[in-house]
Amino acid sequence: MVVEVTADHAREGTGAPVLTVDGLAYAYPDGHQALYGVNLEVWSGERVALLGPNGAGKTTFVLHLNGILEAGRGTVEVSGMAVAKANLAEIRRRVGLVFQDPDDQLFMPTVADDVAFGPANLGFSGAELAAKVEHALEQVGMADYAKRPPHHLSYGQRRRVAVATVLAMQPEILVLDEPSSNLDPQSRRELSDILLALDITILMVTHDLPYALELCPRSVVLSEGVIVADGETGQVLSDEALMRAHRLELPYGFDPRQLHPRRYGGSCPPSVDICKTGQRHQLQEDT
Numbered sequence: 002m003v004v005e006v007t008a009d010h011a012r013e014g015t016g017a018p019v020l021t022v023d024g025l026a027y028a029y030p031d032g033h034q035a036l037y038g039v040n041l042e043v044w045s046g047e048r049v050a051l052l053g054p055n056g057a058g059k060t061t062f063v064l065h066l067n068g069i070l071e072a073g074r075g076t077v078e079v080s081g082m083a084v085a086k087a088n089l090a091e092i093r094r095r096v097g098l099v100f101q102d103p104d105d106q107l108f109m110p111t112v113a114d115d116v117a118f119g120p121a122n123l124g125f126s127g128a129e130l131a132a133k134v135e136h137a138l139e140q141v142g143m144a145d146y147a148k149r150p151p152h153h154l155s156y157g158q159r160r161r162v163a164v165a166t167v168l169a170m171q172p173e174i175l176v177l178d179e180p181s182s183n184l185d186p187q188s189r190r191e192l193s194d195i196l197l198a199l200d201i202t203i204l205m206v207t208h209d210l211p212y213a214l215e216l217c218p219r220s221v222v223l224s225e226g227v228i229v230a231d232g233e234t235g236q237v238l239s240d241e242a243l244m245r246a247h248r249l250e251l252p253y254g255f256d257p258r259q260l261h262p263r264r265y266g267g268s269c270p271p272s273v274d275i276c277k278t279g280q281r282h283q284l285q286e287d288t
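Numbered according to the working numbering, the sequence shown terminates at residue 288, and the numbering increases by one at each position without gaps.
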């Protein structure tokens, strides 16, 4: 029996998806094929974890969402707008990418300058720009650090400022690459509280499976350039055969069947199937 995620498990989405990926394929110049016809839809307000082993194609995939990489085949649309050279400025406003290393996004003399950089390049200035900076820093709990040099902050604080640099652009989709990496337990909790409070669509690339369960009602597993599973996070992580087949490992003693996301908010498509290499993958049922 195939187990499906329905309205009993998550809220149904309405209208058109905010992100539509259709048949996305990509090969690097050296000939390495990283993606093979990936299809994905994400609805407004969803929090989705993108899981998979090293080398699965996760980073390659997210770099297509705001046009850093150009699709070899297939299409990506954000709220109906195609990711294409003619639309890159607007696409990069709509899709905000937070890199794994916050220092890749922090290069200005002060925290406020870093957060202002994006909207200033969109033409905002004066009081309007200042308001955007203040609001973004308040969203991540860093308003009191606006005048501090970023290199004087802790790693966890820099991670939060990196998130603020993207939020200041008021994106429709927030894409995070390994947001919990190198964070101490307190910083990890603080960031999860921040992300849960945001009213925004989130796509989170992570190897931190408990973090995925905590934050994301839905998980997508990418392996060897194809989506092999897409469903409720607790169900996906509980499928031992699926996890073994794609080199995903939960911490010792961690049982996803006993836990649930802290706030099961956001919307979800009416039915999310678990699939495997183009076919439905049967989830193990609880005994």
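Every residue, glycine too, gets a C-beta built ideally from N, C-alpha and C.
The structure presented is a predicted model; accordingly, all values stated were derived computationally and were not measured.
The segment 137-154 / the segment 88-100 touching (three or more Cβ pairs under 8 Å): Contact between the segment 137-154 and the segment 88-100 is absent, because fewer than three Cβ pairs lie under 8 Å.
Given 8 Å, three or more beta-carbon pairs between the segment 70-81 and the segment 15-25: At 8 Å Cβ cutoff, the stretches touch.
Proximal residues to Val99 (C-beta, below 6 Å), its chain only, five neighbours per side dropped: Closer than 6 Å at the Cβ level, and outside the excluded window around Val99, lie Ala163, Val164, Val167, Leu177.
Segment contact flag, the segment 99-117 with the segment 45-53, C-beta cutoff 8 Å, min 3 pairs: No, the segment 99-117 does not touch the segment 45-53.
Beta-carbon separation (whole angstroms), Leu184 vs Leu192, contact threshold 8 Å: That pair is a contact at about 7 Å.
C-beta contact flag for Leu138 and Ala131 at 8 Å: When the beta-carbon positions are compared, Leu138 and Ala131 stay at least 8 Å from each other.
Pick from Pro257, Thr234, Ala242 that is closest to Leu51, judged by C-alpha positions: Each of Pro257, Thr234, Ala242 was checked against the Cα of Leu51, and the nearest Cα belongs to Thr234.
Test item: CB-CB of Val206 and Thr60 under 8 Å: Yes.
Short Cβ contact (8 Å threshold) for Arg248 with Pro54: Between Arg248 and Pro54, the C-beta spacing is below 8 Å.
Start-to-end residues for the alpha helix (DSSP H) that takes in Met244: Annotation: the continuous alpha helix (DSSP H) that includes Met244 extends over 241-246.
Nearest neighbour of Ala17, chosen from Leu41, Ala28, Ala35, Phe255 [CA to CA]: The residue among Leu41, Ala28, Ala35, Phe255 with its C-alpha nearest the C-alpha of Ala17 is Leu41.
C-alpha gap between His33 and Glu225, whole angstroms: His33 and Glu225: Cα-Cα distance of roughly 11 Å.
Span separating the alpha-carbon of Leu289 from that of His65: Since the first and last residues shown for the chain are 2 and 288, residue 289 lies out of range.
Buried/exposed call for Arg219, threshold 16 Cβ in 10 Å: With 16 or more Cβ atoms within 10 Å of its Cβ, Arg219 is classed as buried.
Neighbourhood of Val39 by C-beta distance below 7 Å, restricted to the same chain and skipping five residues each side: Exclusion of the five residues before and after Val39 leaves Val22, Leu25, Phe62, Val227, Ile228 as the residues of its chain whose Cβ lies within less than 7 Å of its Cβ.
Arg160 versus Ser188, Ala169, Met244, Asp256, residue with shortest Cα-Cα distance: Among Ser188, Ala169, Met244, Asp256, the Cα nearest to that of Arg160 belongs to Ser188.
Alpha-carbon spacing of Val134 relative to Ser239, whole angstroms: Cα to Cα, the separation comes out at about 41 Å.
Closest Cα partner of Ile201 within the set Gly119, Asn67, Ile174: Minimum Cα distance to Ile201 is reached at Ile174.
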